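Residue numbers (this note's numbering): 784 to 970. C-beta: ideal position from N, C-alpha, C; glycine also. This structure is a prediction, so every number in the text was calculated from the model and none was measured.
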């Protein structure tokens, strides 16, 4: 359960996420260079392709699941909302922080952990673009068919969250048909 959400004079939602001690703890988790709190710089992280804007109070860029676990523990302790964000090219509002709080940008989580041509799978982090994954699996004689129009900018994590498809959908199906497992951090 989140604390009550307040709106400042500019209509922005404010929660416990903007408290100085929370920002300081977030900086300790991801590093000072991997957090944005400047209102002008966080503005783009408050919208997706639809452009309805709900700016967050901060944007953090973790590089590991362990860092996300620490961020979620902090969110539970201080009772503020967290919105995950990939490439921000969706049309559903799934990555828009409507209730304020923080955005977790997966931009730094771009590693391919493993590709197995024999067992027909790839393991990767959510910040890899669809295009990057397609290029890498093709080197192993494989294909990752989902090809949303935004495939050069959309992140795999967002594709999974939105069950992205594309022009190949009638023949090959959508993203959910290619997900064998997930490592998920829950609140």
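Review point. Which residue from 800, 965, 818 and 813 puts its Cα closest to that of residue 904?
Key: 965
Exercise for review: Within its chain, find whatever has a CB closer than 8 Å to the CB of residue 959; leave out the 5 residues flanking it on each side and keep chain order.
Suggested key: 943 and 946
Review point. How many Å lie between residue 813 and residue 956 at the Cα?
Key: 37 Å
Review point. By Cβ distance, which residues of its chain are closer than 8 Å to residue 802, with the 5 residues on each side in sequence left out?
Key: 861
Exercise for review: Would you kindly check if the distance between the Cβ of residue 914 and the Cβ of residue 961 is under 9 Å?
Suggested key: no
Review point. Which parts of the region 897–928 are runs of the alpha helix (DSSP H), unbroken and 4 residues or longer, counting only runs that do not cross its ends?
Key: 913–921
Exercise for review: From the DSSP output, read off the bridge partner residues of residue 930.
Suggested key: 949
Check your understanding: Who are the Cβ neighbours of residue 810 in its own chain at under 6 Å, not counting the five residues just before and after it?
Key -> 818
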